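Going by our numbering, the first residue of the sequence shown is number 5, and it counts up by one from there.
Here a beta-carbon is modelled for each residue, glycine too, at the ideal position from N, C-alpha and C.
Treat the numbers as computed from the prediction; the structure is a model and nothing was measured.
Worksheet for the structure shown next.
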Amino acid sequence: MSLTWATLPSSPVAEMPAGISSGAELAEELAALVEDESGVRWERVLAALVTLERGEVAAVKPVLARNSAAFRLGAWGALPYLAEAVRAVLDGTPGHQPAQPVTDMVRLAWQDAGVPGRPLIETPADLLKLRAGELAVQAGRAPVPSLLATPTHVTGSIDPAVLIDRLARAEAGGWDPWALDFDQALLRVAVPADAAVLDRAGTLTSVHGRRLAAWLAGGGLPAPVSTRFEQVFAGVGECAVRRRVVARLRPGRTEGLPLHLEKALFTVEPPGEPRLRSSSSYLFEALAMALPHHREVLAAWFVADVAALADQDHQGAGMLPLLAGRSGPIGPATVAALAYGLCARHAADRVAAVDAFRTIAATVSPDFAVVVGVELGDLAGDGLVTLSRAVPALADLHQAGASAAVWEVVAAALPSVLPVERGRRMAGGVTSPAGPAVSPRGLPDLLELAARVAGAVGARGEIAGLAEVAGRGGSTRVVREARRLLAAIDA
5 MSLTWATLPS SPVAEMPAGI SSGAELAEEL AALVEDESGV RWERVLAALV
55 TLERGEVAAV KPVLARNSAA FRLGAWGALP YLAEAVRAVL DGTPGHQPAQ
105 PVTDMVRLAW QDAGVPGRPL IETPADLLKL RAGELAVQAG RAPVPSLLAT
155 PTHVTGSIDP AVLIDRLARA EAGGWDPWAL DFDQALLRVA VPADAAVLDR
205 AGTLTSVHGR RLAAWLAGGG LPAPVSTRFE QVFAGVGECA VRRRVVARLR
255 PGRTEGLPLH LEKALFTVEP PGEPRLRSSS SYLFEALAMA LPHHREVLAA
305 WFVADVAALA DQDHQGAGML PLLAGRSGPI GPATVAALAY GLCARHAADR
355 VAAVDAFRTI AATVSPDFAV VVGVELGDLA GDGLVTLSRA VPALADLHQA
405 GASAAVWEVV AAALPSVLPV ERGRRMAGGV TSPAGPAVSP RGLPDLLELA
455 ARVAGAVGAR GEIAGLAEVA GRGGSTRVVR EARRLLAAID A
């Protein structure tokens, strides 16, 4: 399943806090970063290491000393690379080079190359390591007065007029931006730009200025190609997940000047089998801020983590609000993430899924709810998720006023969960030999909710298999609720 959606205007996004203006503030923010990493905090620290004088940056020395284990090269995460950047700034010697692994990593990134078996990018969040490493390499080699890629908004987005101003100052000052910093700025700049902004961009004369002008005029990076991908347990060893729906991702262009690491950022090749444990060890907010206008790309990177909330009963759906707060096309990864999120084991995670669904459904094509429903039906009909968890989440959406979207979800899901002897429709148009042998747990409640929502929105039409179930003898609750729903949509 590969979908294209027209994105509608969304709510205003909060601007980034003011930049760090003193060494004392930098030390305080760096200490806070060690205790509680956030994408916004990372961006403020990186920017300050470039803009503050060396004497001001020296105020962070006690923070490095107190947290030596976290900043030690080889420790988990991106903090060791940040420490190398701090040391490079404090050294101040022209030609200073950081530790060899950092230097090698950055040079490989500049060349868009990788070490076999050790990819430079495991997720877009790894850009933090590369950007901190680039700062460490360039601070003594080709210092600049400011970074281009510092966001203007907390989502990671950059106002195109602001980025044009930054490049104009670079041209006036006679300095060139760093390669990875420039590429990150391009991925963050908001498109499309209005005519006045495009005219201003056309006045830039440097190589980077002309690239930005062409980028804005062309609408930015073409959306990558996202396709639905099913992981299937092959029966070797132990696995609690028989089948999982994720997405395969490919870059969306085959010509033009590529960005550094473009292929790595926009390529997701899922393994053939579901994994029992998530391999994620990244900051979700940093991932989301790296690609603020590529929502489907973010979903493709972390849909397996969302799936684990439902099929492995993991906890922590912090990625879903971040997904909702970004822009860009919607595709099968986003759809699967929300279907899994609505069936999460923990109530707080289902609340996050409900909020994300409402936000996205309000700003994209109305067909979005239909494909979420089809995916939900496929997963629940095959017993991969627990349908009874989704019903209260959908009821909350109904109570919150999203009744039309809820109806689209339940009407699309029901053909795959009704216990009838026929081919069961699955996401992407594939069919299986028969419907579920028994009613999924929660089906009566879903039918009851569907009848209430149908009455509220005045729904009419036909749902495959509903008449067959309603026409059965007996008085089981499934049959009673099927009759009630049939009466509501036939009235």
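| query | result |
| --- | --- |
| Identify, in the order they occur along the chain, each residue of the same chain with its Cβ nearer than 6 Å to the Cβ of L83, setting aside the five sequence neighbours on each side. | A74, F75 |
| Using C-beta distances below 6 Å, list every residue in its chain close to T55, excluding the 5 sequence neighbours before and after it, in chain order. | S150 |
| Quick one: is W80 buried, meaning 16 or more other Cβ sit within 10 Å of its Cβ, or exposed? | exposed |
| How is G433 classed by DSSP in three states: helix, strand or coil? | A caution first: G433 carries a pLDDT of 46, below 50, which makes its placement in the model unreliable, though a value can still be read off. Residue state, collapsed to three classes: helix. |
| Based on DSSP bridge pairs, tell me the residues matched to S392. | S392 pairs with nothing; no bridge assigned. |
| For V473, is the classification buried or exposed, using 16 other Cβ atoms within 10 angstroms of its Cβ as the cut-off for buried? | buried |
| Find the nearest neighbour of R145 within the set D180, P164, E126, L37, judged by alpha-carbon distance. | D180 |
| Going straight from the alpha carbon of R429 to that of A340, what length do you get? | The predicted model places R429 with a pLDDT of 44, which falls under 50 and marks its position as unreliable, so this point remains unresolved. |
| With contact counted as at least three CB pairs below 8 Å, one residue from each stretch, are the segment 182-200 and the segment 230-237 in contact? | no |
| Under a three-way DSSP split, which group does T231 fall into? | strand |
| In its own chain, which residues sit with a C-beta less than 7 Å from the C-beta of S42, not counting the 5 before and 5 after it? | E289 |
| For L94, tell me which candidate among V414, A62, W114, L470 has the shortest Cα-Cα distance. | A62 |
| Considering Cα atoms alone, identify which of A463, T367, G385 is closest to V410. | A463 |
| Residues in the same chain with beta-carbon distance under 6 Å from M109, minus the five sequence neighbours each way, listed in chain order, please. | G137 |
| Counting only the same chain and skipping the five closest in sequence on each side, list residues whose C-beta sits under 7 Å from that of L184. | A113, L134, R135, E138, H264 |
| Whole-angstrom Cβ separation of L77 and P105, contact assumed at under 8 Å? | 7 Å |
| Compute the distance between the beta-carbons of V310 and L324, then report whether it is under 9 Å. | yes |
| For R248, which of helix, strand or coil comes out of DSSP? | strand |
| Going straight from the alpha carbon of M20 to that of R254, what length do you get? | 31 Å |
| Which whole-angstrom value is the C-beta distance of P336 and A415, which I expect to be below 8 Å? | So it is not a contact: roughly 20 Å between Cβ atoms. |
| Can you round the beta-carbon distance between L489 and L451 to whole angstroms, since I take them to be within the 8 Å contact cut? | 5 Å |
| How many whole angstroms separate the CB atoms of L175 and L208, which I take to be in contact at a CB cut-off of 8 Å? | Looking at the sequence provided, one finds Glu at residue 175 rather than Leu. Confirmed, about 7 Å. |
| Looking at C-alpha atoms only, which residue of L124, A189, A384, R247 is the closest neighbour of L346? | A384 |
| For V482, which of G387, V421, L291 has the nearest alpha-carbon? | V421 |
| According to DSSP, R254 sits in a beta bridge with which residue or residues? | V229 |
| Where do the ends of the alpha helix (DSSP H) carrying E126 lie? | Unbroken run through E126: none, as it is neither H nor E. |
| Spatial neighbours of P275 within its chain, please: CB distance less than 8 Å, with the 5 preceding and 5 following residues excluded, ordered by chain position. | Q235 |
| Would a C-beta distance cut-off of 9 Å place R299 and L327 closer than the cut-off? | yes |
| Output the distance between the C-alpha atoms of L37 and P262, rounded to the nearest integer angstrom. | 32 Å |
| Would you mind sorting A491 into buried or exposed? The rule is 16 or more other CB atoms within 10 Å of its CB. | exposed |
| Hey, out of A227, A218, A129, G177, whose CA is closest to Q497's CA? | With the chain represented from 5 up to 495, any question about residue 497 goes unanswered, as that position is not in the structure. |
| For G478, does the count of other Cβ atoms within 10 angstroms reach 16, so buried, or fall short, so exposed? | exposed |
| Can you list, in chain order, the residues of its chain with a C-beta nearer than 8 Å to that of S210? Leave out the 5 residues immediately preceding and following it. | L171, A174, E175, D180 |
| Can you tell me whether M20 is helix, strand or coil according to DSSP? | coil |
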